[in-house]
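Quick note: the sequence shown uses our numbering, first residue 245, plus one each step.
Glycine is no exception: its CB is placed at the ideal position from the N, C-alpha and C atoms.
Bear in mind the structure is a predicted one, so any value in this text is a computation, not a measurement.
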Amino acid sequence: MHNLSLIIPVFNEAKNLPILYEDIQAALESIQCIWEVIFVDDGSQDNSFEVLESLVEKDPEHVRVIAFRRNFGQTAAITAGIDHAHGEIIVLLDADLQNDPADIPMLLAKLDEGYDLVSGWRKDRKDNRLTRTLPSNIANGLISWVTGVYLHDYGCSLKAYRREALEGFRLYGEMHRFIPVFAHSVGAKITEVPVHHHERKFGRANYGLERTMKVILDLFTVKFLLNYSHKPMRLFGWVGMMLISGGGGLLLYLFIRRLLERISVLGSPLFQLAVMLLILGSQSILMGLIAELLARTYHESQSKPTYTIRTVLGKK
Numbered sequence: 245m246h247n248l249s250l251i252i253p254v255f256n257e258a259k260n261l262p263i264l265y266e267d268i269q270a271a272l273e274s275i276q277c278i279w280e281v282i283f284v285d286d287g288s289q290d291n292s293f294e295v296l297e298s299l300v301e302k303d304p305e306h307v308r309v310i311a312f313r314r315n316f317g318q319t320a321a322i323t324a325g326i327d328h329a330h331g332e333i334i335v336l337l338d339a340d341l342q343n344d345p346a347d348i349p350m351l352l353a354k355l356d357e358g359y360d361l362v363s364g365w366r367k368d369r370k371d372n373r374l375t376r377t378l379p380s381n382i383a384n385g386l387i388s389w390v391t392g393v394y395l396h397d398y399g400c401s402l403k404a405y406r407r408e409a410l411e412g413f414r415l416y417g418e419m420h421r422f423i424p425v426f427a428h429s430v431g432a433k434i435t436e437v438p439v440h441h442h443e444r445k446f447g448r449a450n451y452g453l454e455r456t457m458k459v460i461l462d463l464f465t466v467k468f469l470l471n472y473s474h475k476p477m478r479l480f481g482w483v484g485m486m487l488i489s490g491g492g493g494l495l496l497y498l499f500i501r502r503l504l505e506r507i508s509v510l511g512s513p514l515f516q517l518a519v520m521l522l523i524l525g526s527q528s529i530l531m532g533l534i535a536e537l538l539a540r541t542y543h544e545s546q547s548k549p550t551y552t553i554r555t556v557l558g559k560k
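Printed below as a string of C-alpha cells:
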C-alpha cells in the first residue's frame, strides 16, 4: 500500500481549490493508499487561505496547510511541502486545475515498475501556443541537450517521486523545474508518461515569455552544479590554462617577430593583450583553488557524503 503525500503550491487559486480537492478525493478513492494533501499558500492575495482553512475543517485527516508570510515562489513552496511531508511517495501538482488528479494512479503504477521518478508529459497541451507552448518546447529541448536528461516536458508540475530520489540536494531560487536533473545526478531512475491537460477555468497564468529567459540563466547554474561543484578546478583551471596558453603564444609570436623583423615588442598592442591574458589566466586558476577549498568546506562542515546509496544487502 502506498503512503502518499500530494504537495500543491497555491497562489491566488481560491475558485479552483474546492474543485481540486474533490477531484483528488475521487482519484485516490479508486486505489488503496494512505494519503495526505499539503497545500502551501505562497502569500496569496485573494481568499485562498480562507478556502484552505475550510478544507482542513472538512477533512482534517487528509488535508494540511502551510501558509507563507509572503510570496516566496514556487520552488520555496515545493521545498516546504517536501520538508513537511510524511509520505514515502511525493506527488507534485498544480492548483490551477490544468493537471488532472485522475492521472495520479497511473503515475503510481509506473513507480511500481521500479522507477524513482515519473514525470508527466502534457502531450496535448491546452495553452496558448505562441506565448506558452512554443517557448516551453524550446526550453525543454535546451535543458535536455545541456543536461543529458531527455524529457519532453520539464514544465509539467505533475510528477511522482520516491522520497529517496529527492534526497541529496536542496532547491533554491526557481530550480523546481530542474528536479529531474538533480534527481538523475544522485542516481534516480526516470521515466515519462503522457498525462491529461485542461484549459484554465479560473484565474490567470503566472508565467509568460520571460520564463524562457529565466530557464536559460538557471541552466548555467545547473550545468555548473552538476559538472563542476565537486571539482571546480576542472572548469576554472581549464579556462585559466587556455588564457595562459593564448598569452604565452602571443608573447612567443612577438619575440620571434622581434628577432626576424626588428619590430618592437613593447610598442605592439598585442603585448598588452598577452599580458592581460596571462593575468586573467592566473586569476582563473587561483579562483579554481579557492572554489576547491569552498567545495571541501561545504561537504566536510555538513558531513555531506560525495555519494548516494540505493540499497545495502547483507548484515550491517
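Check                                                                                                                            : Outcome
Between the CA atoms of L495 and I488 - distance to the nearest angstrom                                                         : 10 angstroms
Spatially closest choice to H330 from L503, G392, L248 and R444, by CA coordinates                                               : L248
G406 - DSSP class collapsed to helix/strand/coil                                                                                 : Correcting the residue type first, residue 406 is Arg in the shown sequence and not Gly. In this structure, R406 counts as strand in the three-state DSSP scheme.
Whether A518 touches G491 by CB criterion (7 angstroms)                                                                          : yes
Option in D290, P253 and F468 with minimal Cα separation from V390                                                               : F468
Closest Cα partner of V309 within the set S288, G317 and V281                                                                    : V281
For T541, the nearest candidate out of G358, K458 and K475 (CA to CA)                                                            : K475
Q342 beta carbon less than 7 angstroms from that of R444                                                                         : yes
Cβ contact (3+ pairs, closer than 8 angstroms) linking the region 413-422 and the region 348-363                                 : no
Cβ-Cβ separation, V335 to T435 (assumed contact under 8 angstroms), whole Å                                                      : Between V335 and T435 the Cβ distance is about 15 angstroms, and since that is not below 8 angstroms, they are no contact.
Beta carbon of H441 nearer than 7 angstroms to that of R366                                                                      : yes
Identity of the residues DSSP links to E536 by a beta bridge                                                                     : DSSP output for E536 lists no bridge partner at all.
4-residue-minimum alpha helix (DSSP H) runs that sit fully inside the region 333-384, ordered along the chain                    : 348-355
For I434, the three-state DSSP class (helix, strand or coil)                                                                     : strand
Touch test, the region 316-324 against the region 294-307, Cβ-Cβ under 8 angstroms, three pairs minimum                          : no
Cut-off 7 angstroms between Cβ atoms - residues of its own chain near S292, not counting five sequence neighbours on either side : V254, N256, E257, A258, L261 and D285
Neighbourhood of Y265 by C-beta distance below 6 angstroms, restricted to the same chain and skipping five residues each side    : L299
Rounded straight-line distance, which links the Cα of I523 to that of R506                                                       : 27 angstroms
First through last residue of the beta strand (DSSP E) which encompasses E280                                                    : C277 to D285
Alpha-carbon to alpha-carbon, R406 and I268                                                                                      : 19 angstroms
Close beta carbons around G525, own chain, < 6 angstroms, minus the five adjacent residues each side                             : G484, L487 and I488
Exposure label - P424; buried when at least 16 CB within 10 Å                                                                    : buried
Cβ shell of T323 (< 6 angstroms), same chain only, five flanking positions each side left out                                    : L415
Nonlocal neighbours in the same chain, by C-beta distance under 6 angstroms from I275, ignoring five residues either side        : P349
Straight-line gap, G586 to H396 (C-alpha atoms, nearest Å)                                                                       : Any property of residue 586 remains undetermined from this structure, which presents the chain solely from 245 to 560.
Inter-residue CB distance, V295 and G364 (contact presumed, cutoff 8 angstroms)                                                  : Actually they do not touch by this definition, with Cβ atoms about 25 angstroms apart.
Residues near R478 by beta carbon distance below 7 angstroms, same chain, minus five either side                                 : Y472
Spatial distance of G532 from G481 (CA atoms)                                                                                    : 6 angstroms
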